[in-house]
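Reading the sequence shown from the start, the letters are residues 0 to 385 in numbering that gives the first Met the number 0. Here a beta-carbon is modelled for each residue, glycine too, at the ideal position from N, C-alpha and C.
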Amino acid sequence: MKFTIQRESIKGQVNLLIIQSKKVWIKESFIPMQIEIEDKKIIALHEYGSKPIDKDFGELMILPGFIDIHCHGYKGISANNPTEESLREWMHHMPYEGVTSFLATTSTQAYEDNVNAFKTISRLYDETGDGAEILGINIEGNFISHEFRGAQDPYTIIPPNPEILREYHALAEGRIKSVACAVEKDEGFEFCKAAKEMGIPVSVAHSGAKYEIVAESIKYGVKAATHTGNAMLGIHHREPGTFGAALLLDDLYAEVIADGMHIHFGIVKMIGRMKGKDKLILVTDSSVYKEYENGEKGSEAFFTKDGRLTGSALRVNKGVYNLIYKAGLPFETAINAATINPAVYVGESHRKGSIEQGKDADIVVCDDAFNVIAAYTMGNNVVGCE
């Protein structure tokens, strides 16, 4: 199927638009419904067929726009060293995966490089145009463990530092929406405490933390586990480890990369079953090489020369499909993992993550195989089919 950006619809904001389908995802079920959009918002939901419409999607699924809170780049574009032009190209691409908003995610690098990245990314907040919205920044580096660093730069890893986090948050204009931390390296949990004070959720990541340490860290602001099962202390029958904590502690969200290579689909199923429909978050951990070296091979991952995983080429819509049809998880678990759960985790559920009156008109239309047929970002029809 071929896609095209409907540029004529985004030269000026659509003032009023009504779309409908027999399968609109509302409150974890499909309902025949009309969606009325005005000035970037969903202003009303109507009974199917009750009003004149602009577009009837028939039996196609209308879903909340997907949210990717952990993605590093695409086609040579990197959140670590972005330009405004490259970020706009990335934003333009994301709706083709059904993504209407995301966190630009940095990995471990020098302080000066982080400063430049945060300043550049911050200039694109609230801009959508013909693409997805950057909600803010996810810092996956530098506050991690050397032992569990994965493919991250070993030379710029530092102990968790509250003052540096405060500087970064100021540079990011208060839009750091998640920060990774090897909590066993956080003396007195001072870093986690500072993050909590600033309203930044902490995700335990690249960590060798034992179960009890992770459990204790929840008191001080830890709310998630980054790419669960990867780059963390695994499960032993006498030590549940970081991985076991991510599974067993009900307060923690668990990110999962559903490409079948970062973790086996049987483990994806186990994580999904244990976290349930409200605590699983689908992420891509996308590499800058996504669709750059491997073209459209969206299920593949990338490796360093010494065999370390260094991100994926997964598309979010394919990830949702994989959660259902390869991991065997319930439909509502998969949809929530790409919509309302990440919205809640990053503090954006008041306007993102579900199709409700008053929320942003972020919508994706998919067929039964989760191919993206159309996408709307803040009411703008940014992807459509010829």
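Problem - C-beta contact flag for isoleucine 157 and phenylalanine 142 at 8 Å - result: What you label residue 157 is simply residue 158 of the sequence shown in a count that begins at 1. What you label residue 142 is simply residue 143 of the sequence shown in a count that begins at 1. With respect to phenylalanine 142, isoleucine 157 sits close: the two C-beta atoms are nearer than 8 Å.
Problem - Unbroken alpha helix (DSSP H) run spanning proline 200, endpoints - result: In the sequence shown, residue 200 corresponds to position 201, counting from 1. Unbroken run through proline 200: none, as it is neither H nor E.
Handout entry: For valine 267 and alanine 257, believed in contact at Cβ under 8 Å, the rounded distance
Key = The count along the sequence shown starts at 1 and reaches residue 257 at position 258. The count along the sequence shown starts at 1 and reaches residue 267 at position 268. Confirmed, Cβ separation roughly 5 Å.
Practice task
Please classify asparagine 137: is it buried, with 16 or more other beta-carbons within 10 angstroms of its beta-carbon, or exposed?
Solution key: Walking along the sequence shown from the start, residue 137 turns up at place 138. When all chains shown are included, asparagine 137 counts as buried.
Handout entry: Buried/exposed call for threonine 338, threshold 16 Cβ in 10 Å
Key = For the purposes of this step, residue 338 is identified with residue 339 of the sequence shown, where counting begins at 1. Of the residues assessed, threonine 338 falls on the buried side of the cut-off, its CB having 16 or more other CB atoms within 10 angstroms.
Handout entry: Residue from Pro161, His71, Glu196, Gly128 whose Cα sits closest to the Cα of arginine 87
Key = One-based indexing of the sequence shown puts residue 87 at position 88. Of Pro161, His71, Glu196, Gly128, the residue nearest in Cα terms is Gly128.
Handout entry: Buried versus exposed call for histidine 69 [16 or more other C-beta atoms within 10 Å across all chains shown]
Key = Sequence index remark: in the sequence shown, residue 69 carries index 70 (1-based). Histidine 69 is buried by the Cβ-count criterion.
Practice task
Throw me the rounded Cβ distance for the serine 202 and threonine 241 pair, which I believe falls under 8 Å.
Solution key: Within the sequence shown, residue 202 is the residue found at index 203, counting from 1. Within the sequence shown, residue 241 is the residue found at index 242, counting from 1. The C-beta separation of serine 202 from threonine 241 comes to about 11 Å, leaving the pair out of contact by the 8 Å criterion.
Exercise for the section: Let me know the secondary structure DSSP gives isoleucine 354 once reduced to three states. Expected result: In the sequence shown, counting from the first residue as 1, residue 354 sits at position 355. Here DSSP, grouped into helix, strand and coil, assigns isoleucine 354 to coil.
Exercise for the section: Go to aspartate 67, then tell me how far its beta strand (DSSP E) extends in each direction, as first and last residue. Expected result: Here residue 67 refers to the residue found at position 68 of the sequence shown. Run containing aspartate 67: 65-70, per the beta strand (DSSP E) assignment.
Problem - For glycine 265, the three-state DSSP class (helix, strand or coil) - result: Position 266 of the sequence shown, counted from the start, is the residue given in the question as residue 265. Reduced to three states, the DSSP call for glycine 265 is helix.
Problem - Nonlocal neighbours in the same chain, by C-beta distance under 8 Å from phenylalanine 330, ignoring five residues either side - result: Working through the sequence shown from its first residue, we reach residue 330 at position 331. Residues Ile323 of the same chain have their beta carbon placed closer than 8 Å to that of phenylalanine 330, with the five preceding and five following residues left out of the count.
Problem - Stretch-stretch touch, CB-based, cutoff 8 Å, three pairs: the stretch 275-287 with the stretch 307-318 - result: Yes, they touch.
Practice task
Figure out for me which residue from Ile52, Arg237, Ile217 has the closest Cα to the Cα of proline 200.
Solution key: Position 201 of the sequence shown, counting from 1, holds the residue named residue 200. Comparing Cα positions, the closest option is Ile217.
Problem - Complete beta strand (DSSP E) runs within the stretch 28-101 (minimum length 3 residues, chain order) - result: Here the runs fully enclosed are 28-37, 40-46, 60-63, 65-70.
Problem - Proximity of glycine 130 and valine 381 at Cβ, strictly below 8 Å - result: By one-based count along the sequence shown, residue 130 stands at place 131. By one-based count along the sequence shown, residue 381 stands at place 382. At the C-beta level, glycine 130 and valine 381 come within 8 Å of one another.
Practice task
Report yes or no: do three or more beta-carbon pairs, one from the stretch 48-59 and one from the stretch 15-24, lie closer than 8 Å?
Solution key: Touching, yes.
Exercise for the section: Note down the Cα distance separating glycine 297 from glutamate 132, rounded to an integer number of angstroms. Expected result: The residue labelled residue 297 in the question sits at position 298 within the sequence shown. The residue labelled residue 132 in the question sits at position 133 within the sequence shown. Note that glycine 297 scores a pLDDT of 41, beneath 50, so its modelled location is shaky and nothing firm can be said.
Exercise for the section: Starting from valine 383, follow the beta strand (DSSP E) in both directions and report where the run begins and ends. Expected result: Mapped onto the sequence shown, residue 383 falls at position 384. For the sequence presented, residue 383 should be read as glycine rather than valine. Segment 379-384, the beta strand (DSSP E) holding glycine 383.
Problem - Beta-ladder partner(s) of aspartate 359, from DSSP - result: Residue 359 sits at position 360 when you count from the first residue of the sequence shown. Looking at the DSSP output, aspartate 359 bridges to Lys40.
Practice task
Along the beta strand (DSSP E) that carries valine 255, what are the first and last residues, could you check?
Solution key: Against the sequence shown, residue 255 aligns to sequence position 256. Here the beta strand (DSSP E) through valine 255 covers 252-256.
Handout entry: Residue range of the alpha helix (DSSP H) that includes leucine 322
Key = Here residue 322 is taken as the residue at index 323 of the sequence shown, counted from 1. 315-324 is the extent of the alpha helix (DSSP H) around leucine 322.
Problem - Element boundaries [beta strand (DSSP E), containing asparagine 137] - result: Counted from its first residue, the sequence shown places residue 137 at position 138. Taken as a continuous stretch (DSSP letters only), the beta strand (DSSP E) holding asparagine 137 covers 132-138.
Handout entry: Limits of the unbroken alpha helix (DSSP H) element including phenylalanine 242
Key = Here residue 242 refers to the residue found at position 243 of the sequence shown. 240-247 is the extent of the alpha helix (DSSP H) around phenylalanine 242.
Handout entry: Beta-carbon contacts of glycine 294 that lie in its chain and below 8 Å, excluding the five residues immediately before and after
Key = Residue mapping note: residue 294 aligns to position 295 of the sequence shown, counting from 1. In this prediction, glycine 294 has a pLDDT of 45, which is less than 50 and means its spatial position is unreliable; what the coordinates show is noted afterwards. The beta carbon of glycine 294 lies closer than 8 Å to none in the same chain, with the five residues before and after it left out.
Exercise for the section: Taking methionine 93 as the reference, give the member of Ala312, Gly346, Asn340 with the closest Cα. Expected result: Locating residue 93 in the sequence shown gives position 94, where the first residue counts as 1. The shortest C-alpha separation from methionine 93 is found at Ala312.
Practice task
Look up serine 20 in the DSSP assignment and give the residues it is bridged to.
Solution key: Within the sequence shown, the letter at position 21 stands for residue 20. Serine 20 is bridged to Met32.
Problem - Residue burial classification, lysine 26 (beta-carbon count within 10 angstroms, cutoff 16) - result: Working through the sequence shown from its first residue, we reach residue 26 at position 27. Exposed, by the Cβ-count rule.
Problem - Three-state secondary structure assigned by DSSP to alanine 214 - result: In the sequence shown, the residue the question calls residue 214 occupies position 215. In the three-state reduction of the DSSP assignment, alanine 214 falls in the helix class, which pools H, G and I.
Problem - DSSP-derived helix/strand/coil call for threonine 338 - result: For the purposes of this step, residue 338 is identified with residue 339 of the sequence shown, where counting begins at 1. Threonine 338: coil per DSSP, three-state reduction.
Handout entry: Residues bridged to threonine 104 [DSSP beta-bridge criterion]
Key = On the sequence shown, residue 104 is found 105 positions in, with the first residue counted as 1. Note: threonine 104 sits in a beta bridge opposite Asn137.
Handout entry: Option nearest tryptophan 24 by Cα separation, candidates Asp125, Gly75, Cys365, Glu172
Key = The residue you call residue 24 lines up with position 25 of the sequence shown. It is Cys365 whose Cα lies nearest to the Cα of tryptophan 24.
Problem - Alpha carbon of phenylalanine 147 to alpha carbon of arginine 237, nearest angstrom - result: One-based indexing of the sequence shown puts residue 147 at position 148. One-based indexing of the sequence shown puts residue 237 at position 238. Rounded to the nearest whole angstrom, the C-alpha separation of phenylalanine 147 and arginine 237 is 20 Å.
Practice task
Look up threonine 376 in the DSSP assignment and give the residues it is bridged to.
Solution key: Position 377 of the sequence shown, counted from the start, is the residue given in the question as residue 376. Partner(s): Asn379.
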